[in-house]
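Just so you know, the protein sequences line up as chains A and B, in that order. When we follow our numbering, the leftmost residue of the first sequence carries the number 773, and every step to the right adds one. When we follow our numbering, the leftmost residue of the second sequence carries the number 773, and every step to the right adds one. A virtual CB, placed ideally from N, CA and C, is assigned to each residue, including glycine. Since the structure is predicted, the reported quantities are computational estimates derived from the model, not experimental observations.
Number of protein chains: 2
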Amino acid sequence: MVVAYDGTNYCGWQIQPNGITIEEVLNTHLSQLLGEEIVVKGASRTDSGVHSMGNIAFFDTDTRMAADKISFALNQRLPEDIVVQSSEQVDDDWNPHNVNSTKVYEYRIRNSKMRMPLDRLYTYFYHYDLDVEAMDKAAKYLVGEHDFTSFASVKSQVNSFVRNLYDVSVVRNGDIITIRCEGNGFLYNMVRIIAGTLIQVGCHKIEPEKVKEILDARDREAAGPTAPAEGLVMISWTEDC
Amino acid sequence: MVVAYDGTNYCGWQIQPNGITIEEVLNTHLSQLLGEEIVVKGASRTDSGVHSMGNIAFFDTDTRMAADKISFALNQRLPEDIVVQSSEQVDDDWNPHNVNSTKVYEYRIRNSKMRMPLDRLYTYFYHYDLDVEAMDKAAKYLVGEHDFTSFASVKSQVNSFVRNLYDVSVVRNGDIITIRCEGNGFLYNMVRIIAGTLIQVGCHKIEPEKVKEILDARDREAAGPTAPAEGLVMISWTEDC
């Protein structure tokens, strides 16, 4: 299933002892719909407050309901801040973590003197004027295959910190700055640390060229802060052909 | 004051016996801030659920606080879904209804097969594919000085139904269709009735040319339905030079 959600009112994807999560809501309503206990898994375990337009959830079921009809039936039951965009049958052993895929994330910043209520839930408000040209220049140092240890939470539990970013771009449209990251995989908090670092470039605290040094340092301390969750949207997950 | 708000959780601008309104929240916090009873008036009394990026509120005060500082001080007190963008002093007898001004409204439609949680509060979701070219063609018949009786709520209490629309355009950007209306004034529900009528054009229930007949009829029954409030945003109010 391709799952879109407004993360504002959820404690992220993964089931937590305190607070409601996307995974839990999907499990509850899928189990009721299909009349069997369903346990979904996700392609990306997004953090508390992070949004999605295209996360992937997959699960085993014995249902005879046509796979493409499940999204429509499930949407009748889901709260309005979670919508399944589509559903399809996959092979028994299919798993998003075992296939090559392209993930796209966007981090959005409202860069203006005053907050704007209409996008407060989906952008990070940043008051000081940001130099988008410098940010985009810095972003280009991140493109390609690198060890992204400096851009991963110290809580990351992975065998390799090497990822391949196909593109990182920074574009301004009026008061909204969008940092778009496209790659074969992302480490824990990676896009938010990229955003936090590019914001430092944008307000001239560090030079664009410094990003190369930060990569080389392989040290989380070298990069900027983790930007707030509300600016982050998982745009899409696509299996490579 | 230029006032932006997310209208989702308010019963519109004007004070109501049941439910909280923008006017009421501004009165309460301005009165506390300035230490005197403040009663604001608005340029546009937006309906329940309608949003604003630039409504105008004006009021009398004896305060010595610099006018341009009031917005900053007030924003410290306001809930996050109302933000005063700026404030300035005007003449004692200034009133937005007595000056020539240009108002811009946008009506936004999500036109896709599935709802998208991230814009559910700020767009009207319309499932069937809309023909934007036909809608834009129809919109052009509304441009200019006309009697807009057909496009006004029967509850309108005005002396004249004649208004001058400087531009009406319909543009698609991905799944979002924006109807933008610019003019010297708007009648009660006018933009929402324009949107409801253009949607009928967009799904080929009526021909674009029919809009001319609807205008000539001077009868609310001739036009389409009033489109839902959540798609409407008051973009700006500007005094003409």
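**OP:** Please go through the region 905 to 986 of chain B and give each complete alpha helix (DSSP H) segment of 4 or more residues, from N-terminal end onward.
**Re:** 962 to 974
**OP:** Report yes or no: is there a C-beta of chain B within less than 8 Å of the C-beta of Pro889(A)?
**Re:** Numbered from its first residue, the first sequence carries residue 889(A) at position 117. For Pro889(A), the answer is yes, since a Cβ of chain B falls inside 8 Å of its Cβ.
Original post:
Does any C-beta atom of chain A lie closer than 8 Å to the C-beta of Glu852(B)?
Top reply: In the second sequence, residue 852(B) corresponds to position 80, counting from 1. It does: the Cβ of Glu852(B) has a partner Cβ on chain A nearer than 8 Å.
Original post:
From the beta carbon of Val797(A), is the nearest beta carbon of chain B less than 8 Å away?
Top reply: Numbered from 1 along the first sequence, position 25 holds the residue referred to as residue 797(A). Not an interface residue.
Original post:
Which residues in the same chain as Asp908(A) place their Cβ atom closer than 7 Å to its Cβ, once the five residues preceding and following it in sequence are excluded?
Top reply: Here the question's residue 908(A) lines up with position 136 in the first sequence. Ser941, Val942.
**OP:** Examine chain A for any beta-carbon lying closer than 8 Å to the beta-carbon of Arg713(B), and answer yes or no.
**Re:** Nothing in the structure corresponds to residue 713(B), since chain B is present only between 773 and 1013.
Original post:
By the 10 Å Cβ neighbour count, where 16 or more other Cβ atoms means buried, how is Asn961(B) classified, buried or exposed?
Top reply: Taking the first residue of the second sequence as position 1, residue 961(B) is located at position 189. When all chains shown are included, Asn961(B) counts as buried.
Original post:
Considering only residues of the region 783 to 835 of chain A, which uninterrupted alpha helix (DSSP H) runs meet the minimum length of 4 residues and lie entirely inside it, listed in chain order?
Top reply: 794 to 806
Original post:
What are the boundary residues of the beta strand (DSSP E) that includes Ala999(A)?
Top reply: Locating residue 999(A) in the first sequence gives position 227, where the first residue counts as 1. From DSSP, Ala999(A) is part of no beta strand (DSSP E); its letter is neither H nor E.
**OP:** Just grab the DSSP bridge partners of Tyr900(B) for me.
**Re:** As a first step, residue 900(B) must be located in the second sequence, where it is residue number 128. BP columns for Tyr900(B) are empty, so no partner.
Original post:
Would you say Thr780(B) and Gly821(B) are within 8 Å of each other, going by their C-beta atoms?
Top reply: Here residue 780(B) is taken as the residue at index 8 of the second sequence, counted from 1. Here residue 821(B) is taken as the residue at index 49 of the second sequence, counted from 1. Yes, these two residues count as a Cβ contact at 8 Å.
**OP:** Measure from the alpha carbon of Ala994(A) to the alpha carbon of each residue in Leu1004(A), Gln972(A), Met1006(A), Ala1001(A), then state which is nearest.
**Re:** Position 222 of the first sequence, counted from the first residue, corresponds to residue 994(A). With distances taken between Cα atoms, Ala994(A) lies closest to Gln972(A).
Subject >> Check whether Gln848(B) and Ala776(B) have beta carbons under 8 Å apart >> reply: Residue 848(B) sits at position 76 when you count from the first residue of the second sequence. Residue 776(B) sits at position 4 when you count from the first residue of the second sequence. For Gln848(B) and Ala776(B), no; Cβs fall outside 8 Å.
Original post:
Where does Cys1013(A) land, buried or exposed, given buried means 16+ other C-beta within 10 angstroms?
Top reply: Start at 1 with the first residue of the first sequence, and residue 1013(A) comes out as number 241. Answer is exposed; the Cβ neighbour count stays below 16.
Original post:
Gly968(A) and Thr998(A): beta carbons closer than 8 Å?
Top reply: Here residue 968(A) corresponds to residue number 196 of the first sequence, with the count starting at 1. Here residue 998(A) corresponds to residue number 226 of the first sequence, with the count starting at 1. Yes; because the gap between Cβ atoms is below 8 Å, this pair is in contact.
Original post:
Apart from the five residues on each side of it in sequence, which residues of its chain come closer than 7 Å, Cβ to Cβ, to Gln786(A)?
Top reply: Position 14 of the first sequence holds residue 786(A). For Gln786(A), where only same-chain residues beyond five positions count, the Cβ hits under 7 Å are Thr793, Glu795, Arg817.
**OP:** Just the C-alpha distance for Tyr894(A) and Ile948(B), rounded to the nearest angstrom, thanks.
**Re:** In the first sequence, residue 894(A) corresponds to position 122, counting from 1. In the second sequence, residue 948(B) corresponds to position 176, counting from 1. Looking at the two C-alpha atoms, the distance is approximately 17 Å.
Original post:
Got a sec? Which residues, its chain only, sit under 8 Å from Phe933(B) by beta carbon, not counting five neighbours each side?
Top reply: For the purposes of this step, residue 933(B) is identified with residue 161 of the second sequence, where counting begins at 1. Hits under 8 Å: Asp919, Phe920, Thr921, Ala924, Leu959, Arg990.
Original post:
Can you name, in chain order, every residue of its own chain whose Cβ lies under 6 Å from the Cβ of Pro868(A), other than the five neighbours on each side?
Top reply: For this step, residue 868(A) is matched to residue 96 along the first sequence. So the qualifying residues of the chain are Ala815, Ile828.
**OP:** May I ask which residues mark the beginning and end of the alpha helix (DSSP H) holding Ser843(A)?
**Re:** Locating residue 843(A) in the first sequence gives position 71, where the first residue counts as 1. Counting along the chain, the alpha helix (DSSP H) containing Ser843(A) begins and ends at 839 to 847.
Subject >> Residue-chain proximity (Met825(A), chain B), Cβ-Cβ < 8 Å >> reply: Against the first sequence, residue 825(A) aligns to sequence position 53. So yes, Met825(A) belongs to the interface.
Subject >> Whole-angstrom C-beta distance between Glu878(A) and Thr950(A), which should lie under 8 Å >> reply: Against the first sequence, residue 950(A) aligns to sequence position 178. Against the first sequence, residue 878(A) aligns to sequence position 106. The pair is a contact, with the Cβ atoms about 5 Å apart (cut-off 8 Å).
Original post:
For the beta strand (DSSP E) that Thr874(B) lies in, which residues bound it at each end?
Top reply: Within the second sequence, the letter at position 102 stands for residue 874(B). Its beta strand (DSSP E) spans residues 873 to 882.
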